[in-house]
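Student: In our numbering, the protein residues as written are 3 to 262.
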Amino acid sequence: MPLTYGSYLRLDELLDLQTPVSDGPEHDEMLFIVIHQVYELWFKEILHEMDHLKRLLAAHDTPRAGHTLKRILTILKVLVAQIDVLETMTPLEFLSFRDRLESGSGFQSFQFRALEFELGFKRESAVRHYPEGSPARRMLEARLREPTLWDAFLRYLARAGYPVPPELLERDVTRPIEPSPEIQRILIDVYRRDPETSGICERLVDLDEGVQEWRYRHVKMVERTIGTRRGTGGSAGAEYLKTTLFRPAFPDLWAIRTEL
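#1: Got a sec? Which residues, its chain only, sit under 7 Å from residue 116 by beta carbon, not counting five neighbours each side?
#2: Does DSSP put residue 167 in a helix, in a strand, or in coil?
#3: At a cut of 8 Å, does the region 196-216 reach the region 59-75 through at least three beta carbon pairs?
#4: Please determine, among 9, 58, 250, the residue with the shortest C-alpha to C-alpha distance to residue 265.
#5: Which first and last residues belong to the alpha helix (DSSP H) in which residue 188 is found?
#6: To which residues of the same chain is residue 295 closer than 7 Å at the C-beta, ignoring the five residues directly before and after it?
#7: Just the C-alpha distance for residue 236 and residue 18, rounded to the nearest angstrom, thanks.
#8: Measure the alpha-carbon distance for residue 86 versus residue 148 and round it to whole angstroms.
#9: Assign residue 184 to buried or exposed, taking buried as 16 or more other Cβ atoms, counted over all protein chains shown, within 10 Å of its Cβ.
#10: Decide if the region 196-206 is in contact with the region 172-179; the criterion is three or more beta carbon pairs, one per stretch, under 8 Å apart.
#11: Mind checking whether residue 2 and residue 154 have CB atoms under 8 Å apart?
#12: In whole angstroms, what is the alpha-carbon distance linking residue 247 and residue 4?
#13: Using the Cα positions of residue 51 and residue 137, report the straight-line distance between them to the nearest angstrom.
#14: Express the C-alpha separation of residue 71 and residue 189 in angstroms, rounding to a whole number.
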């Protein structure tokens, strides 16, 4: 049988994956399912691109690294725009099927946890939320032990001849990223005399800002939809999400702004 559009994309299987659980079912549950499935597909693509980006930085392929960062940033804009679609659902429309979600919650998205790990927000406790031996747990355990995007960038700087302290190149990558005065001095030098590398720095700032924008829009969407109620699955809902706001992934790139 020849390959077709439908068989290549496995459309029969894909379009059979939207299965509402509410009675009726409630009209807006379909939108809720589609939006979140699409989010997971985009998370998968961002992780795919970040792995590629780290390989390009390791090869010191600056033009293609910049191109890949631009692609990730464009995907982030789509993620933010999808919130506009989700916000067309009123609180009453969401409440019509919310109870059917039982313990299901976006907090359980292991791909988003993996994305956080790649950005340096690593917590071993996050891994323990997933069953021992499950695909999600194995994936997060591997990502926990892998260098982050920032670690890949520091090695990129070192290969370019910048004096990155060895202890930062050999740091415990399972730990969160901490600001470094030494790196900040290097970055100031980069901005003042190395336009190509400073371009990568600016795209990393764009990435950091884009993730923070998505977090903010997500918090406001949750507040708009369920107010201060607890989230599905017993999570703290908007109150927890607020604690994730304005936490930069790459603090050194923000710290130098007043010194340039």
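From the three backbone atoms N, C-alpha and C, an ideal C-beta is built for every residue, glycine too. Quick caveat: nothing in here was measured; it's all calculated off a predicted structure.
Tutor: In short, the structure shows the following:
#1: 49, 141, 142, 145
#2: coil
#3: yes
#4: Within the shown structure, residues of the chain are numbered from 3 to 262, placing residue 265 beyond reach of any answer.
#5: 183-195
#6: The chain is shown from 3 up to 262; residue 295 falls before or after that span and cannot be answered.
#7: With a pLDDT of 47 at residue 236, under the threshold of 50, the modelled position of that residue is not reliable, and the figure given next carries that caveat. Distance between the alpha carbons of residue 236 and residue 18 is about 29 Å.
#8: 34 Å
#9: exposed
#10: no
#11: Because the chain spans 3 through 262 in this model, residue 2 falls outside it and cannot be assessed.
#12: 50 Å
#13: 20 Å
#14: 19 Å
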